[in-house]
Every structure is written in C-alpha cells, then in structure tokens.
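Just remember that the working numbering sits 7 ahead of the position in the sequence shown, which is counted from 1.
Even glycine gets a Cβ: it sits at the ideal position worked out from N, Cα and C.
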Amino acid sequence: MSETPVPVRDKIRAVLSLFGLELRSIQPIRKIWRVETNTGYQYVKKSKLSPIELQFIFEALEYLHARSFPGILRLAVSRQGFPFAAYQDELYILTDWVFSREVDFGIFMDLKQAARFLAEFHHYSEGFSPKTIIPSRTAWLDWPAKMALRLRQLDDFRAKALAEAGGSAFSRLYLSHHDFYRRQAEAAYQALLNSPYYEVATAAAAARSFCHHDYSGRNLLRTFDNRLILVDFDYSLLDLRIHDLINLIVRNLKHSRWDPAVCRFILKEYQQVLPLTEAEIEVMRILFIWPHDFWQIGLQYYHEKLPWPKERFIKKLESKINARLERENFLKEFTRGVWNRII
Numbered sequence: 008m009s010e011t012p013v014p015v016r017d018k019i020r021a022v023l024s025l026f027g028l029e030l031r032s033i034q035p036i037r038k039i040w041r042v043e044t045n046t047g048y049q050y051v052k053k054s055k056l057s058p059i060e061l062q063f064i065f066e067a068l069e070y071l072h073a074r075s076f077p078g079i080l081r082l083a084v085s086r087q088g089f090p091f092a093a094y095q096d097e098l099y100i101l102t103d104w105v106f107s108r109e110v111d112f113g114i115f116m117d118l119k120q121a122a123r124f125l126a127e128f129h130h131y132s133e134g135f136s137p138k139t140i141i142p143s144r145t146a147w148l149d150w151p152a153k154m155a156l157r158l159r160q161l162d163d164f165r166a167k168a169l170a171e172a173g174g175s176a177f178s179r180l181y182l183s184h185h186d187f188y189r190r191q192a193e194a195a196y197q198a199l200l201n202s203p204y205y206e207v208a209t210a211a212a213a214a215r216s217f218c219h220h221d222y223s224g225r226n227l228l229r230t231f232d233n234r235l236i237l238v239d240f241d242y243s244l245l246d247l248r249i250h251d252l253i254n255l256i257v258r259n260l261k262h263s264r265w266d267p268a269v270c271r272f273i274l275k276e277y278q279q280v281l282p283l284t285e286a287e288i289e290v291m292r293i294l295f296i297w298p299h300d301f302w303q304i305g306l307q308y309y310h311e312k313l314p315w316p317k318e319r320f321i322k323k324l325e326s327k328i329n330a331r332l333e334r335e336n337f338l339k340e341f342t343r344g345v346w347n348r349i350i
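Written out as structure tokens, the structure is:
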C-alpha cells in the first residue's frame, strides 16, 4: 500500500470521521495513536490484516462480550457497518482507550493473575463459532501436519546453510548444532503421532476452543483498579488452549533459566480456574520437546530473510544454544512426571 501524502493528523481526522467522530487531540504511542474525540479517548491502529480477518476478530470479541467476559475492548463499527475504516487503500481499527500499564511477568502477582486470567479467557471463549470461516485460523487438528512441514523446513535450512557455510559465521554455527535439534524435532513428531493428541484435538474442536496466540505482557494491560484487559487479537485462531498456555510458560522459562518451578507455578495457577486433563499434560510435554527456537531462527534467516544485521542473527542463535543445557534439564524433569501432583 502506498504511503499517504497527507499529514498524519489530517489522516487520522479523516479516519475518525468514518466512525462519526471528531478529532480533538492526538498522541502517537508505538504503532498506534491515542486520540481524544468528542466522545472521549480511543486508540487508532493501522491494520495489516484483511477485511475478512478483521471480521473474524470482531466476531470473536463480540462473542466474548455477549458472554460477559470483562477483559476485552470491542472494535468500533464504522458508518459503513464494518469493524474497520478503509482510507486511502489502508484499513484502520478503533477501540476505546483504557488508562493502564502493561503486565510485567517478572512481578509475582502479575504472573499469578495472568495465568488465572488466561484460564478465564479460555473458559469464556469456548463455543465460539464464527460466521467468517478462515481455514488458516482453524488449527485444532493441524499439529502433526505442521510438525511434518517444519521438519522438512529444518532439512531445507541445513541445505541452505551448507551452501553458504564457507562465508557465513551464522551458517557454520547453525550447522554445528543442527543434527542435535533435528533429532529432537523428529522425536517430538513421532511422540506426537503416538500420543493422545487426536483425543485432545477432537475434544478441543467439539468445545470450539479459541486461542489468543500472542499472550504476552505487552498485550495484557492492568487498569488502575486492577482489572486485566487482553488486547491485540491479530493472531487469534481456533486452536488447542494448551497452545496459549505453552507460550506463556516458555516466555517465562526463557527469563528464569528454564526453572521448572516457574512452569509448576503457572500450571498450578491456571488450573485453579480451569483444570487440564492428563492427556493435555502429555501433549504439552511433547510440544515442549519440539525445538521451536532453533526452527524459528532458521526460518527468519533462510526463509523470511529478515533485514537484520548478521550480528543480530548470531547473537539470537547463540542465546538459544547457550540455554540448551538448562532447557534439557527442564525437559527431563517434565518427562519424569513430577507434574502429576498438580493435575
């Protein structure tokens, strides 16, 4: 999409007019704009999603609102009747602004509340049946096929690393650890095929389980009366609830040197609200084994070709490799079944 020639303020004023609002003041914050209008404070965000994806998210938020889940911000509807405004070949969304701070998972009470809030979100979002069907956002039964694809990608990354190893410090480092992580990935894939995955996935599909898919501190806001608000549903999809839970756990394990106590704590707090089944715990164990970080850095370097300096790629790869022993110790403890006491 072409860059608009009009000043930002005029652009946002024009966007707001499509929602029937008048601009009074504007403040850029990261990639959004906080605006004061004739009805109060809102925020405007330019979206990279398609109209059908925004409609899917709108339906999800409306479903949560209809079920009286308090922790979301609804998308405003434009005068054209859409949950976005189209202006100069770009799409913009609008929601109310809440004065708040981002949740800090390094704070004990924040992490505790975040784990419980995630369970509440999963409970309230069950049963969501969107009118807008997007195959790429329906993933309950997709994990074996997804792992098989990523195994092939790991092989492709190795081939590309071999082709440039002579002149690339990153590729030499990547190759020196590839065999270990490729074996680990294969082990996770085979374990998934022989696990209760399909039992878990079938139950999730029947329950219409829904995931936020980017449950991070920056997307979880604490208001000044201590309520939590979950924002940015750009990556949301119909998937296993343990996908969100694993992402929350791994985010915190990386910042705690893979301390098993952190995992136990999050699982315990989550299950105070919404218990997990033994089958879900077993599938979680397998998904923990999958070397996501090693696959992801290969994807970013060899496939997506992100425009990062080579030094940044090397630093990220080194950090993942340096955590290998701590991660392996965590996986061993999880495999020993010490988690049975929290089921």
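In this structure, how does DSSP classify Gln-278 when only helix, strand and coil are distinguished?
DSSP places Gln-278 in helix when its eight states are reduced to three.
Any idea what DSSP makes of Leu-1, helix, strand or coil?
With the chain represented from 8 up to 350, any question about residue 1 goes unanswered, as that position is not in the structure.
For Ser-243, count neighbouring Cβ atoms within 10 angstroms of its own Cβ and tell me buried if that reaches 16, exposed if not.
Buried, because 16 or more other Cβ atoms sit within 10 Å of the Cβ of Ser-243.
By the DSSP assignment, the alpha helix (DSSP H) with Thr-209 in it spans what residues?
Where Thr-209 is concerned, the enclosing alpha helix (DSSP H) stretches over 204-214.
Where Phe-337 sits in the DSSP three-state scheme
Three-state DSSP puts Phe-337 in a helix.
Could you tell me whether the segment 223-237 touches the segment 285-301, where touching means 3 or more Cβ pairs closer than 8 Å?
Taking one beta carbon from each stretch, the segment 223-237 and the segment 285-301 have fewer than 3 pairs nearer than 8 Å; the two do not touch.
Within a Cβ cutoff of 8 Å, which residues of the same chain sit near Ile-33, ignoring the five residues on either side of it in sequence?
These residues qualify, in order along the chain: Val-15, Arg-16, Ile-19, Trp-40, Arg-41, Val-42, Glu-43.
Helix, strand or coil at Lys-53 [DSSP, three-state]
Here Lys-53 sits in strand by DSSP.
If you compare alpha carbons, which of Glu-127, Phe-65, Ser-85 is closest to Leu-252?
Out of Glu-127, Phe-65, Ser-85, Glu-127 has the C-alpha closest to the C-alpha of Leu-252.
Pull up the distance between the alpha-carbon of Thr-342 and that of Arg-271, whole angstroms please.
In this structure, the straight-line span from the alpha carbon of Thr-342 to that of Arg-271 is close to 13 Å.
Tell me whether Ala-93 sits in a helix, a strand or coil according to DSSP, three-state version.
Strand.
Go ahead and label Val-22 buried or exposed: buried means 16 or more other beta carbons lie within 10 angstroms of its beta carbon, across all protein chains shown.
The residue in question, Val-22, is buried, as its Cβ has 16 or more Cβ neighbours within 10 Å.
Closer than 7 Å by C-beta to Lys-327: which residues in its own chain qualify, once you throw out the five before and the five after it? Chain order, please.
Only Asp-300, Phe-301, Ile-304 meet the Cβ criterion.
Just list the residues that DSSP pairs Val-42 with in beta bridges.
Beta-bridge pairing links Val-42 to Ile-33, Gln-49.
Under a three-way DSSP split, which group does Asp-186 fall into?
Asp-186: helix per DSSP, three-state reduction.
Cβ shell of Glu-333 (< 7 Å), same chain only, five flanking positions each side left out
Excluding sequence neighbours, Glu-333 sits near Arg-264, Trp-265.
Is the Cβ-Cβ distance between Ile-64 and Leu-237 less than 8 Å?
Against a cut-off of 8 Å, the Cβ pair of Leu-237 and Ile-64 comes out as no contact.
Excluding the five sequence neighbours on either side, which residues of its own chain have a C-beta within less than 7 Å of the C-beta of Ala-146, listed in chain order?
Taken in chain order, the residues that qualify are Leu-244, Leu-245, Asp-246.
For Arg-229 versus Val-51, is the C-beta spacing smaller than 8 Å?
Cβ atoms of Arg-229 and Val-51: not closer than 8 Å.
Residue environment, His-262, which counts as buried when at least 16 other CB atoms sit within 10 Å:
Burial call: exposed.
Going along the chain, which residues of its own chain have a beta-carbon closer than 6 Å to the beta-carbon of Ala-122, five neighbours each way excluded?
Contacts found: Ile-273, Glu-276, Tyr-277.
Alpha carbon of Leu-71 to alpha carbon of Arg-248, nearest angstrom:
Just so you know, the alpha carbons of Leu-71 and Arg-248 end up roughly 16 Å apart.
Delimiting residues of the alpha helix (DSSP H) encompassing Ser-75
No alpha helix (DSSP H) contains Ser-75, which DSSP labels as neither H nor E.
Pairing CB atoms from the segment 136-153 with CB atoms from the segment 162-172, are three or more of them under 8 Å?
Counting Cβ pairs under 8 Å, fewer than three are found: no touch.
Same chain only: Cβ atoms within 6 Å of Arg-331, ignoring 5 sequence neighbours per side:
Closer than 6 Å at Cβ, skipping near neighbours: no residue.
Counted within 10 angstroms of its Cβ, other Cβ atoms place Asn-233 as buried (16 or more) or exposed
Flag for Asn-233 reads exposed.
At the level of alpha carbons, what is the spacing between Leu-338 and Pro-267?
Whole-angstrom Cα-Cα distance: 9 Å.
Using the beta-carbon count (16 or more within 10 Å), is Ala-67 buried or exposed?
Buried, because 16 or more other Cβ atoms sit within 10 Å of the Cβ of Ala-67.
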